[in-house]
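In terms of this note's numbering, the sequence shown has 147 at position 74, counting the first letter as 1, and numbering is strictly consecutive.
Notes follow once the structure below has been shown.
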Amino acid sequence: RLGVQVAVVIGGGNIFRGVAPGAAGMDRATADYMGMLATLMNALALQDAMRRAGLVSRVQSALSIDQVAEPYIRGKALRYLEENKIVIFAAGTGNPFFTTDTAAALRGREMGVDIVLKATKVDGVYTSDPKRDPAAKRYPTLTFDEAMVKNLRVMDATALA
Numbered sequence: 074r075l076g077v078q079v080a081v082v083i084g085g086g087n088i089f090r091g092v093a094p095g096a097a098g099m100d101r102a103t104a105d106y107m108g109m110l111a112t113l114m115n116a117l118a119l120q121d122a123m124r125r126a127g128l129v130s131r132v133q134s135a136l137s138i139d140q141v142a143e144p145y146i147r148g149k150a151l152r153y154l155e156e157n158k159i160v161i162f163a164a165g166t167g168n169p170f171f172t173t174d175t176a177a178a179l180r181g182r183e184m185g186v187d188i189v190l191k192a193t194k195v196d197g198v199y200t201s202d203p204k205r206d207p208a209a210k211r212y213p214t215l216t217f218d219e220a221m222v223k224n225l226r227v228m229d230a231t232a233l234a
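Set out below in structure tokens:
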């Protein structure tokens, strides 16, 4: 054991990006709610994978879907962490117009975490998108101010603040 407690704020981009081409002209709030539902689907998939690996986890959702996930309740989430259960947070903040980056920062503050890590398709922060720009350079270290001044889009500005 590493002696850490783990909470995950899961995204839904892999599912929602498949829908996005057909979503042209869609109301932004509707699209955001669809994205939140996608995060719940990913949370259930992650929970099942964890179960198969012998890990105990709980899914808490910012949207009420009681048949598949319990509602987000801060005190319960803290208790699960104290019991060394992994908490998977789904549906972002439960509000449209906020990203899962913001949800990660918010839940991190609510849980009193020491660190927030963001997992993406790349292995660090680059000068530009390395998937589109082969000349992109990886930053070995980066400060908050550098990320903001250089507009690196590491996380959305609300989450970084």
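No residue lacks a Cβ here, since even glycine has one placed at the ideal position from N, Cα and C.
None of the values given here were measured: they were computed from a predicted structure.
Evaluate residue 165 with the Cβ neighbour count: other Cβ atoms within 10 Å of its Cβ, from every protein chain shown; 16 or more gives buried, anything less gives exposed. buried
Going by DSSP, which residues form a beta bridge with residue 69? Outside the displayed range of the chain (74 to 234) lies residue 69, so it cannot be described from this structure.
Taking the straight line between their C-alpha atoms, what separation do you get for residue 225 and residue 201? 7 Å
Any chance you could list the alpha helix (DSSP H) runs of at least 4 consecutive residues sitting entirely within the region 150–201, in chain order? 173–184
Could you check if residue 217 is buried or exposed, using at least 16 other CB atoms within 10 Å of its CB as the buried criterion? exposed
Reference residue 157; option with closest CA among 114, 117, 197, 127: 127
Taking just the CA atoms, how far does residue 95 sit from residue 135? 26 Å
Along the chain, where does the beta strand (DSSP E) that runs through residue 82 open and close? 80–82
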